[in-house]
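These notes are about the structure you will find just below.
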Amino acid sequence: MLLAFDTSSAAVTVALADPVTGATVASSSTVDALRHGELLAPAIEQALAAAGATPRDLTKIAVGVGPGPFTGLRVGLVTARTMGEVLGVEVVGVCSLDVLARQSSLQLPVAVATDARRKEIYWALYDGPAADGSRRRLEGPAVDKPADVAHVLAGLPVIGRGAVLYGEALGLETSDVIEYPSAEVLALGVTTGTLPVVAPDPLYLRRPDVTMSGGPKSVLPK
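For the sequence shown, full-length UniProt numbering begins at 1 and goes up steadily by one.
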């Protein structure tokens, strides 16, 4: 069984799939930006239970590597790496923006824009789909203020939560936008080779909001 999950956005999305065809066996998705650590493990357990499987039935793990906020992304990657080491199975990463682009059914080039917080977006541009549904990334991923890249995304359909949050700044008329990555598409893309895989390392693009303390400051005169 292939286990796939993504925690790069406000959604915790999990899927269990056939390792040959990529067909989904069980899946779930919950949107809660503050509870990635609480939601991921139970969602994996529930997917395995629904399929009548155990962790020992897993043959591969695929995880979204972002870009995304530090805390949520870290939950997914630490879980994937730990499970891979304990179970002795391969762990691969996929850019979460690539997953979103793969979800689009449009036969056109598309842009992906997700919520990067701090009133910014993570974005990338993609070519139209090939015959197998794969899309070539043309530019990005990058992080910017929406208004600063509106001219780059102009004229393209935009997928992702960023299109909903910053549609006006991007000059978009949003309706029925795909907002979050799908673990089902992640699993299918890895199985069929239509999503490029990378090492399961986090793609942050910028420093985390929380940094290590430099230690107490001296109150003694210099």
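Note that the Cβ used here is the ideal one computed from N, Cα and C, for glycine as well.
In this text the structure is predicted, and so the values were computed from the model without any measurement.
Whole-angstrom distance between residue 151 and residue 190, CA atom to CA atom: What you label residue 190 is simply residue 190 of the sequence shown in a count that begins at 1. What you label residue 151 is simply residue 151 of the sequence shown in a count that begins at 1. Approximately 32 Å between the Cα atoms of the pair.
Assigned secondary structure, residue 149 (DSSP; H/G/I helix, E/B strand, else coil): As a position in the sequence shown, residue 149 is number 149, starting the count at 1. Correct three-state label for residue 149: helix.
beta-carbon residue 151 near the ligand HEM non-hydrogen atom, thresh 7 Å: The model depicted lacks the ligand HEM and carries no ligand whatsoever.
Are residue 65 and residue 186 touching if we call contact CB-CB under 8 Å? For the purposes of this step, residue 65 is taken as the residue at position 65 of the sequence shown. For the purposes of this step, residue 186 is taken as the residue at position 186 of the sequence shown. No, they are not a contact pair.
Bridge-paired residues (DSSP) for residue 137: Locating residue 137 in the sequence shown gives position 137, where the first residue counts as 1. Answer by DSSP bridge pairing, in chain order: 126.
Where does residue 107 land, buried or exposed, given buried means 16+ other C-beta within 10 angstroms? Residue mapping note: residue 107 aligns to position 107 of the sequence shown, counting from 1. Residue 107 is exposed by the Cβ-count criterion.
Expressed to the nearest angstrom, what Euclidean distance is found between the alpha-carbon atoms of residue 97 and residue 141? In the sequence shown, residue 97 corresponds to position 97, counting from 1. In the sequence shown, residue 141 corresponds to position 141, counting from 1. So the two alpha carbons sit approximately 8 Å from each other.
Please say whether residue 184 and residue 27 have beta carbons closer to each other than 8 Å? Here residue 27 is taken as the residue at index 27 of the sequence shown, counted from 1. Here residue 184 is taken as the residue at index 184 of the sequence shown, counted from 1. Going by C-beta atoms, residue 27 is nearer than 8 Å to residue 184.
Quick check: what's the CA-CA separation for residue 144 versus residue 120? To locate residue 144, count along the sequence shown from 1; it is residue 144. To locate residue 120, count along the sequence shown from 1; it is residue 120. Near 5 Å, if we compare the C-alpha coordinates of residue 120 and residue 144.
Would you give the residue range spanned by the alpha helix (DSSP H) that residue 44 belongs to? For the purposes of this step, residue 44 is taken as residue 44 along the sequence shown, with counting starting at 1. Run containing residue 44: 36-50, per the alpha helix (DSSP H) assignment.
So if DSSP puts residue 85 in a beta bridge, which residue, or which two residues, is it bridged to? Here residue 85 corresponds to residue number 85 of the sequence shown, with the count starting at 1. Its beta-bridge partners do not exist; DSSP assigns none.
May I have the straight-line CA-CA distance separating residue 9 from residue 164, to the nearest angstrom? Here residue 9 refers to the residue found at position 9 of the sequence shown. Here residue 164 refers to the residue found at position 164 of the sequence shown. For residue 9 and residue 164, the distance between alpha carbons rounds to 14 Å.
Residues in the same chain with beta-carbon distance under 7 Å from residue 93, minus the five sequence neighbours each way, listed in chain order, please. One-based indexing of the sequence shown puts residue 93 at position 93. Cβ neighbours of residue 93 beyond the five flanking positions: 63, 65, 197, 198, 199, 200, 201.
Taking Cβ positions, are residue 50 and residue 31 nearer each other than 8 Å? Counting from 1 along the sequence shown, the entry for residue 50 is found at position 50. Counting from 1 along the sequence shown, the entry for residue 31 is found at position 31. It is not a contact, given that the beta carbons lie outside the stated cut-off.
With a threshold of 16 other CB atoms inside 10 Å of the CB of residue 20, please say whether the residue is buried or exposed. Position 20 of the sequence shown, counted from the start, is the residue given in the question as residue 20. Within 10 angstroms of the beta-carbon of residue 20 lie fewer than 16 other beta-carbons, which makes it exposed.
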